[in-house]
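Student: Got a structure for you, questions after.
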Ligand code: ASP
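Residue numbers (this note's numbering): 9 to 354.
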């Protein structure tokens, strides 16, 4: 049964894997893809209004990044422009719509990587930063470090003049209800964090997903990737997922591809998902669709790792691959219209 399911996802993800290829004419091959999280997203469980709201926001974000590229801006600028729009929206689990920790607060993670030279920056467990992707970029460009966590990351932000926001800025009613449901389940079964995963997976959608990310290719042929998240509901003990971990949730190298991931972070860390996909592209000459399909469907799914990735190579080939029922996603290649998707067959 599981095998059949894996195959089915492999075929469907291959079918939808490569959504577009940049034109080989004189047109510059710039391109961008974004995601807003993967999970059990089904049309039947979503109102038309809600679906419209997601599609509109995804389109706004992909167009913002596309606009930067169209004007000759860098892939890093495009990634940040797209992610900022998703971070500022309560619809997604990043910035404004971040999930709650077990203790009722919000702890945000983000990372960014430059495909030109593998420079990277990341922040983990920050509580007072409105747009963590911007701080991750500052770590990359304005510090000798790659990853800063917690209070230290915020001290660095203050030293660079980044305003602090109240943690309550990230409160939303929907996410509050989500936390209560997880805690109720954990407490009722008296399992506490031992059965954390089952409790989280028992949540109805769209509660469990929403991490955001972007990958872009600019006019100069440079790739970049970025990811921003509130992590997983009811996380505790300073838990950090894959999103700020370079190689797991984010990776970019002009020699292979750019990747941003979303899903159950512990699996993405253990399987080094983003870097593994790019290694297959670089060392085995696989297409981004094939490499992403292998890692997401053949490796992660059999061990229970759910989620998806957006992948882009230096020729503008895009793979939007997931082993869940859906993934909020959008892409746009030079000279073409944006393509928006939510469900498996979209
Ligand atoms: N990958 C994120 C984490 O584990 C969550 C997600 O993408 O939904 O923190």
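The beta-carbon is built from N, C-alpha and C at its ideal position, and this holds for glycine as well.
1. What residue does the beta strand (DSSP E) around residue 79 start on, and which one ends it?
2. In the DSSP output, what is residue 64 paired with across the bridge?
3. Residue range of the alpha helix (DSSP H) that residue 194 falls in?
4. Are residue 321 and residue 296 touching if we call contact CB-CB under 7 Å?
5. Counting Cβ pairs, one atom from each stretch, are 3 or more of them under 8 Å apart for the region 328-335 and the region 40-55?
6. In terms of residue numbering, what span does the alpha helix (DSSP H) encompassing residue 308 cover?
7. Can you say whether residue 50 is buried or exposed, counting buried as having 16 or more other CB atoms within 10 angstroms of its CB?
8. For residue 284 and residue 263, what's the separation of their Cα atoms in angstroms?
9. Under 8 Å by Cβ, that's how I've got residue 256 and residue 250 pegged, so tell me the actual separation to the nearest angstrom.
10. Between the Cα of residue 180 and the Cα atoms of 76, 84, 112, which residue gives the shortest distance?
11. Where do the ends of the beta strand (DSSP E) carrying residue 38 lie?
12. Give me the Cα-Cα distance between residue 129 and residue 94, rounded to the nearest whole angstrom.
13. State the DSSP-derived secondary structure class of residue 242, mapped to helix, strand or coil.
14. Does any heavy atom of the ligand ASP sit closer than 6 Å to the C-beta of residue 284?
15. Within 10 angstroms of its Cβ, does residue 172 collect 16 or more other Cβ (buried), or is it exposed?
16. Which of helix, strand or coil does DSSP assign to residue 85?
17. Is the beta carbon of residue 251 within less than 6 Å of some heavy atom of the ligand ASP?
18. Report the rounded CA-to-CA distance for residue 311 versus residue 303, giving the unit in angstroms.
19. When you compare the region 182-196 with the region 97-108, are there three or more beta-carbon pairs, one atom per stretch, that lie closer than 8 Å?
20. Between residue 155 and the ligand HEM, is the CB less than 6 Å from at least one heavy atom?
21. When the Cα atoms are used, what is the spatial distance from residue 64 to residue 313?
22. Tell me whether the region 56-70 and the region 130-140 touch, counting them as touching only if at least three CB pairs, one residue from each stretch, are closer than 8 Å.
23. Under the rule that 16 or more other beta-carbon atoms within 10 Å means buried, what is residue 6, buried or exposed?
24. So the candidates are 81, 47, 105, 248; which of them puts its Cα closest to the Cα of residue 176?
25. Which residue from 55, 121, 83 puts its Cα closest to that of residue 282?
Tutor: Based on what the coordinates show:
1. Premise fails: residue 79 is in no beta strand (DSSP E) and is neither H nor E.
2. Per DSSP, none; premise fails for residue 64.
3. 181-196
4. yes
5. yes
6. No alpha helix (DSSP H) contains residue 308, which DSSP labels as neither H nor E.
7. With fewer than 16 other Cβ atoms within 10 Å, it is exposed.
8. 14 Å
9. 4 Å
10. When 76, 84, 112 are compared, the shortest CA-CA separation from residue 180 is found for 112.
11. Premise fails: residue 38 is in no beta strand (DSSP E) and is neither H nor E.
12. 19 Å
13. Reduced to three states, the DSSP call for residue 242 is coil.
14. no
15. exposed
16. helix
17. yes
18. 11 Å
19. yes
20. By its list of ligands, the structure shown excludes the ligand HEM, since it contains just the ligand ASP.
21. 29 Å
22. no
23. Since the displayed the chain opens at 9 and closes at 354, residue 6 lies outside it and no answer follows.
24. 105
25. 121
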